[in-house]
């Protein structure tokens, strides 16, 4: 059975003293690992620039944060590697300016950045001149950030947005493009393996997400608005020290068949599926969990049939989670279950059947199952909700990986009118129309997060029920009223 945790217990569990610190040493080891992947040269990592308006939220570039731990805007890291070793490093940051800080908050400044990161600090205003000097020493330059290299004589080097300082930087680097390489993939390879400190924050992000879904599911009901459920989910994130890692999806009825629907402003009708795709962001680390529930509290026979196929597909993919196994086995297994199940329901002609897709002038063949299941089986997760994973580079499930499994089926009411108008597709539509009408507006996605550790596979999001009977049982729980919630009775659940 589930254990219950009050907010006081939750606060103790996520207190900083209880978390393995992402220390200077850890960030330094990441920078050293990156340098070891590259030949001698100048390594330049760009942080995100400050928003044009100071009331807008700032989000640090994930790879820059991964290497430095610095959350301030307008920063840059420079390392010089000679004779196989990093000989010097410096961090360019915005200087302390009290007249600006009253609007944007206190900056760490040059002295503060050294205390925080262990790297000597210099004013960001000196960066263009320093970069020009470094570009002239004859070493290759490796760049990390959102930059564009010229692909031909008509193209030019470009930064994504250009302040006066960035225009100067752009001018410097444009003169050295023959020695310039973008090495974002090298950082992505490192980010694909999560450390113990990263795993701790990911687990907490998952726990907060589990608490939010368990709080929200009993409140899903006919007549409620999607934004009420969204508000409760995000309220639970915020009061537990997290933010949302992406736009919360609460999609009911026809909205449940739109993958990234996030308007969240429809009143929930009777006997509808409601897809909730949500994720907390805790200290920079993201969660991503999806559950589908019936608005009536009980799945209809048609909803139950679709839901069970998706759940069986997820289970088939889970059985392929073995360290060292090819990652594609997860997708292959889930797809086979979905294709077989759609055939049983009459939504496709056979597991291997195709339909005409592409354009009128370039018709090609696509799998019929992709009419209802059109996305991948999952993705890596970490500093970003779609984060690099080890399998992206090795093709295999390996220790340090954290990833999702999220099969789905989406029966859009008008999908037969949306496909290419060809004689073959018209015939297909006439054969499938009755089944599409039977299952129309049913969208089901089930998503969980898994990690590969020394002990094998760890299911990080296991606290939210996903079997049909368990989902319906949670929906029978009487929701806490506003007064009870305001009194601090949001609860956190874990499976022993």
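Numbering (the numbering used here), first residue to last: 316 to 811.
The beta-carbon is built from N, C-alpha and C at its ideal position, and this holds for glycine as well.
Determine, using beta-carbon pairs with one atom in the segment 667 to 686 and one in the segment 598 to 608, whether at least three such pairs fall under 8 angstroms. no
Residue 439 beta carbon less than 8 angstroms from that of residue 409: yes
Three Cβ pairs or more, each shorter than 8 angstroms: is that satisfied between the segment 357 to 364 and the segment 585 to 592? no
For residue 497, name the three-state secondary structure that DSSP assigns. strand
Would you mind sorting residue 762 into buried or exposed? The rule is 16 or more other CB atoms within 10 Å of its CB. buried
Does the Cβ of residue 374 have 16 or more other Cβ atoms within 10 Å, making it buried, or fewer, making it exposed? exposed
Tell me which residue opens and which closes the beta strand (DSSP E) that residue 456 is part of. 456 to 459
Report all residues from its chain with a CB closer than 6 angstroms to the CB of residue 376; omit the five preceding and five following residues, and keep chain order. 362, 363
To the nearest angstrom, how far is it from the Cα of residue 399 to the Cα of residue 714? 28 angstroms
Residues that DSSP places opposite residue 565 in a beta bridge: 591
Output the residue ranges of the alpha helix (DSSP H) runs that lie fully inside the segment 326 to 405 and measure 4 residues or longer, sorted by chain position. 339 to 352, 377 to 383
Please name the residue, chosen from 733, 504, 728, 670, that lies closest to residue 705 on a Cα-to-Cα basis. 504
Output the distance between the C-alpha atoms of residue 441 and residue 710, rounded to the nearest integer angstrom. 43 angstroms
Cβ neighbours of residue 619 in the same chain (closer than 8 angstroms, five flanking residues each side left out): 783
In the DSSP assignment, the beta strand (DSSP E) including residue 772 goes from what residue to what residue? 771 to 774
Per the contact definition of three or more C-beta pairs closer than 8 angstroms, is the segment 573 to 584 in contact with the segment 524 to 533? no
Whole-angstrom distance between residue 724 and residue 610, CA atom to CA atom: 18 angstroms
Nearest-angstrom Cα separation, counted from residue 607 out to residue 629: 13 angstroms
Skipping 5 residues on each side, what residues in its chain have a beta carbon closer than 8 angstroms to that of residue 388? Close CB contacts of residue 388 within its chain, under the 8 angstroms cut and outside five residues either way in sequence, are with 362, 363, 364, 365, 366, 373, 375, 409 (chain order).
So which of 756, 432, 669 has the shortest CA-CA distance to residue 380? The shortest Cα separation from residue 380 among 756, 432, 669 belongs to 432.
Would you mind listing the beta strand (DSSP E) stretches within the segment 692 to 768 that are 3+ residues and don't spill past its ends, in chain order? 717 to 720, 723 to 726, 757 to 760, 763 to 768
Could you check the C-alpha separation between residue 645 and residue 689 for me, to the nearest Å? 16 angstroms
Do you know whose CA, among 636, 785, 789, lies nearest residue 720's CA? Of 636, 785, 789, the residue nearest in Cα terms is 636.
Residue 360 to residue 772, Cα distance in whole Å? Their Cα atoms are separated by approximately 34 angstroms.
Determine the direct distance from the alpha carbon of residue 757 to that of residue 766, and round the result to whole angstroms. 30 angstroms
Starting from residue 438, follow the beta strand (DSSP E) in both directions and report where the run begins and ends. Here the beta strand (DSSP E) through residue 438 covers 436 to 438.
Can you tell me whether residue 356 is buried or exposed? The criterion is at least 16 other CB atoms within 10 Å of its CB, across all chains shown. Result: buried.
Cα-Cα, which of 528, 574, 539, 570 is closest to residue 559? 528
Whose C-beta lies closer than 8 angstroms to the C-beta of residue 506 among residues of the same chain, with five residues either side of it excluded? 377, 378, 381, 697, 698, 702, 703
Put residue 815 into one of helix, strand or coil per three-state DSSP. Nothing about residue 815 can be read from this structure; the chain reaches only from 316 to 811.
Here's the rule I'm using: 16 or more other beta-carbon atoms within 10 Å means buried, otherwise exposed. How should residue 347 be labelled? exposed
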